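**Student:**
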Ligand SMILES: Cc1ncc(C[n+]2csc(CCOP(=O)(O)OP(=O)(O)O)c2C)c(N)n1
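Residue numbers (the working numbering): 0 to 529.
(1) Could you check if residue 246 is buried or exposed, using at least 16 other CB atoms within 10 Å of its CB as the buried criterion?
(2) According to DSSP, residue 56 sits in a beta bridge with which residue or residues?
(3) What are the uninterrupted segments assigned as alpha helix (DSSP H) that are 4 or more residues long and contained completely in the stretch 193-273, given in chain order?
(4) May I ask you to report which of helix, strand or coil DSSP gives residue 90?
(5) According to DSSP, simplified to helix, strand and coil, what is residue 275?
(6) Given residue 203, which residues of its chain have a CB within under 8 Å of its CB, disregarding the five upstream and five downstream residues?
(7) Can you find the residues in the same chain that come closer than 7 Å, C-beta to C-beta, to residue 486, ignoring five residues on each side of it along the sequence?
(8) Straight-line CA distance for residue 456 to residue 279?
(9) Mind checking whether the beta-carbon of residue 508 lies closer than 8 Å to any heavy atom of ligand 1?
(10) Does DSSP put residue 181 in a helix, in a strand, or in coil?
(11) Among residues of its own chain, excluding the 5 on either side of residue 115, which ones have a beta-carbon nearer than 8 Å to its beta-carbon?
(12) Measuring only from the beta carbon, is residue 415 closer than 8 Å to any heavy atom that is part of ligand 1?
(13) Between the C-alpha atoms of residue 386 and residue 77, what's the straight-line distance to the nearest angstrom?
(14) Are the CB atoms of residue 441 and residue 415 within a distance shorter than 9 Å?
(15) Any heavy atom of ligand 1 within a distance shorter than 8 Å of the CB on residue 572?
(16) Using DSSP bridges, identify the partner residues of residue 307.
(17) Count Cβ pairs between the stretch 175-188 and the stretch 282-301 that sit closer than 8 Å; are there 3 or more?
(18) Does the beta-carbon distance from residue 235 to residue 322 come in below 9 Å?
(19) Between residue 365 and ligand 1, is the CB less than 8 Å from at least one heavy atom?
(20) Any heavy atom of ligand 1 closer than 8 Å to the CB of residue 579?
(21) What residues in its chain sit with their C-beta under 8 Å from that of residue 290, if we drop five residues either side in the sequence?
(22) Say the cut is 8 Å; is the CB of residue 36 nearer than that to a heavy atom of ligand 1?
(23) Less than 8 Å between C-beta atoms, sequence neighbours within five positions excluded: which residues of the same chain meet that for residue 232?
(24) Can you name the residues that DSSP bridges to residue 101?
(25) Report the three-state DSSP secondary structure of residue 553 (helix, strand or coil).
(26) Taking C-beta to C-beta, are residue 378 and residue 413 nearer than 9 Å?
(27) If you draw a straight line from the C-alpha of residue 263 to the C-alpha of residue 238, how long is it?
(28) For a test of the three-state rule: what should DSSP assign to residue 477, helix, strand or coil?
(29) Quick check on the burial criterion: 16 or more other C-beta atoms within 10 angstroms. Buried or exposed for residue 120?
(30) Quick check: the Cα distance between residue 260 and residue 87, rounded to an integer number of angstroms?
(31) CA-CA distance, residue 335 and residue 513?
(32) Cβ-heavy atom distance between residue 512 and ligand 1 below 8 Å?
(33) Just verifying my parser: in three-state terms, what is the DSSP assignment at residue 518?
(34) Which residues share a DSSP beta bridge with residue 296?
(35) Measuring alpha carbon to alpha carbon, tell me which of 90, 371, 25, 355 ends up nearest residue 104.
(36) Going by Cα to Cα distance, which pick from 110, 459, 423 is closest to residue 71?
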């Protein structure tokens, strides 16, 4: 608490009684209760994604702790701060068959930035210091998950910790060094800037300004938030341009932040063999193609201010021309008579979403469709779980983001991601989450793979089903709306609500695949006419 942690996410249990009561008695703690530790972990992850401050999860011993692992992995891979307060048995009950007792001090292995196994009896100074140490590691550069495993002996009592005098400020002052860099020069004028999800919100503008100064095209991922500031240099249809085939070859690539969603981009980067530099304040290697020619660990604004290169206005203009040709071909597909697909649903969301909403995209097709088709003029921000791209915990993460930002969120996820995280529907009870489930009755993403031709596809890959979500909403007293076509008006109406709602949009994964294939083919046809 003294460090500024306010959200305590609690799953019921007995061994964790001292931790739960200590949080409950604190006047400044905001307590969230959920019965499923897996969803609770993702909810806490969402809080950390929203406000960059760690939420604390309190869990009892045994498999409860194991259920936190997926969210801890995602927190590790996305550098999201998270504190786990796990309750354990005292040493005399370990390794002797005692109930609900396992080796939970090592469950999270290398995924936690720091871990401690607190002894059963400890004085206040030790406890305070360990809590501050955990906070420090959770927030250091790079932030991430930490575990404080506490050994509690019965009878349980509330630890007597007298609140510190000062109610504000941190008793441990943290100052992280900025990673500064010397002047960086490139002899190229034909450069491209890639922007993935960024470590800090204030990294974005210096990159956009760098693009303007150098007149270098910018390829920005949906989670970079760059499309909220549509500067001239941004190439909106870069993924379609690369899919169609493109003769423009950059000499220099500058990549800021995380991996981009576009698979085609990675293939193209391998083909072109340009000088390719990744810039991040974090020490993690970001190079799935093993093609980087340089890594610079630096604060992003600092790097942008010292980077020098040449500009060639024609280079940018050539990309802009390609972008506008490509964009009009993509748009012409939307104006044609065609069956209703996930792409159309995404477009409807783009038009209907109010500007004070945030947006979250589930893994599978939703994040990819958002990357292609979701360019709202103004919203509060874009979110996803792209550290490990799991379809688990997507509902819980969106709920955690809404809670920490205290703003409504539209969460667009597929039916399998929804089925995976049904347990988290009760978490929608607080801040409004407009949960849009695009139900294409299976895993649509696999229709885009060669395995879609296999006779085993529907059963073993799409995992086809015939379920819908109306009764699930009813089970958790959530309002429900079903949309079969023309979703824009219906979405606008739903977004007027003050409370969470489950909106099921019926889509067709085969048609979605056909629609996107048609875009690629019409782009290729135009290529051959040129
Ligand atoms: C926890 C987890 N299990 C399995 C996968 C593999 N996977 C990736 S996408 C996907 C299907 C997604 O289907 P759905 O949520 O319905 O979205 P759609 O692609 O149909 O739009 C699966 C099973 C995963 N990413 N995470």
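All C-beta atoms in this analysis are idealised placements derived from N, C-alpha and C, irrespective of residue type, glycine included. Keep in mind that this is a model prediction, so the values were computed, not measured.
**Tutor:** In terms of the structure at hand:
(1) Here residue 246 is taken as the residue at index 247 of the chain shown, counted from 1. Residue 246 comes out exposed.
(2) As a working mapping, residue 56 is identified with position 57 in the chain shown. The partner list for residue 56 (beta bridge, DSSP) reads 8, 83.
(3) 203-213, 237-243, 262-271
(4) Here residue 90 corresponds to residue number 91 of the chain shown, with the count starting at 1. Three-state result, residue 90: helix.
(5) Within the chain shown, residue 275 is the residue found at index 276, counting from 1. Strand at residue 275.
(6) Counting from one through the chain shown, the residue named residue 203 turns up at place 204. Hits under 8 Å: 194, 197, 223, 224, 225, 228.
(7) On the chain shown, position 487 is the one that residue 486 refers to. Excluding positions up to five away in sequence, the list reads 344, 347, 504.
(8) Locating residue 456 in the chain shown gives position 457, counting from the first residue. Locating residue 279 in the chain shown gives position 280, counting from the first residue. Approximately 40 Å between the Cα atoms of the pair.
(9) Looking up residue 508 in the chain shown gives position 509. Because some heavy atom of ligand 1 lies under 8 Å away, the Cβ of residue 508 counts as near it: yes.
(10) Translated into the one-based positions of the chain shown, residue 181 becomes position 182. Reduced to three states, the DSSP call for residue 181 is coil.
(11) As a working note, residue 115 is residue 116 in the chain shown. 129, 132, 133, 146, 147, 148.
(12) As a first step, residue 415 is located in the chain shown; it is residue number 416 there, counting from the start. The answer is yes for residue 415.
(13) As a first step, residue 386 is located in the chain shown; it is residue number 387 there, counting from the start. As a first step, residue 77 is located in the chain shown; it is residue number 78 there, counting from the start. When rounded, the distance between both Cα atoms is 5 Å.
(14) As a working note, residue 415 is residue 416 in the chain shown. As a working note, residue 441 is residue 442 in the chain shown. For residue 415 and residue 441, yes; Cβs fall inside 9 Å.
(15) Residue coverage of the chain in this structure runs from 0 to 529, which leaves residue 572 outside it and unanswerable.
(16) Position 308 of the chain shown, counted from the start, is the residue given in the question as residue 307. Paired residue(s): 184.
(17) yes
(18) Locating residue 235 in the chain shown gives position 236, counting from the first residue. Locating residue 322 in the chain shown gives position 323, counting from the first residue. Going by C-beta atoms, residue 235 is nearer than 9 Å to residue 322.
(19) If you number the chain shown from 1, residue 365 lands on position 366. For ligand 1, at least one heavy atom lies less than 8 Å from the Cβ of residue 365.
(20) Lying outside 0 to 529, the shown extent of the chain, residue 579 is not represented and no answer is given.
(21) As a first step, residue 290 must be located in the chain shown, where it is residue number 291. So the qualifying residues of the chain are 268, 269, 272, 275.
(22) In the chain shown, counting from the first residue as 1, residue 36 sits at position 37. No, ligand 1 has no heavy atom inside 8 Å of this Cβ.
(23) The residue given as residue 232 occupies position 233 in the chain shown. 192, 207, 210, 211, 214, 215, 216, 217, 315.
(24) Taking the first residue of the chain shown as 1, we reach residue 101 at position 102. Answer by DSSP bridge pairing: none, since residue 101 is not bridged.
(25) Examination of residue 553 is not possible in this model, given that the chain is present from 0 through 529 alone.
(26) The count along the chain shown starts at 1 and reaches residue 378 at position 379. The count along the chain shown starts at 1 and reaches residue 413 at position 414. Going by C-beta atoms, residue 378 is not nearer than 9 Å to residue 413.
(27) Working through the chain shown from its first residue, we reach residue 263 at position 264. Working through the chain shown from its first residue, we reach residue 238 at position 239. The straight-line gap from Cα to Cα measures roughly 7 Å.
(28) Stepping through the chain shown from its first residue, residue 477 is reached at position 478. The answer is coil: DSSP assigns residue 477 none of H, G, I, E or B.
(29) The residue you call residue 120 lines up with position 121 of the chain shown. Residue 120 comes out exposed.
(30) To locate residue 260, count along the chain shown from 1; it is residue 261. To locate residue 87, count along the chain shown from 1; it is residue 88. Approximately 40 Å between the Cα atoms of the pair.
(31) Along the chain shown, one-based indexing puts residue 335 at 336. Along the chain shown, one-based indexing puts residue 513 at 514. When rounded, the distance between both Cα atoms is 14 Å.
(32) Along the chain shown, read from residue 1 onward, the residue named residue 512 stands at position 513. Not under cutoff, so the answer is no.
(33) For this step, residue 518 is matched to residue 519 along the chain shown. Looking at residue 518 - three-state DSSP - the assignment turns out to be helix.
(34) The count along the chain shown starts at 1 and reaches residue 296 at position 297. The partner list for residue 296 (beta bridge, DSSP) reads 279.
(35) For the purposes of this step, residue 104 is taken as residue 105 along the chain shown, with counting starting at 1. It is 90 whose Cα lies nearest to the Cα of residue 104.
(36) Walking along the chain shown from the start, residue 71 turns up at place 72. Selected option, being the one with the closest Cα: 110.
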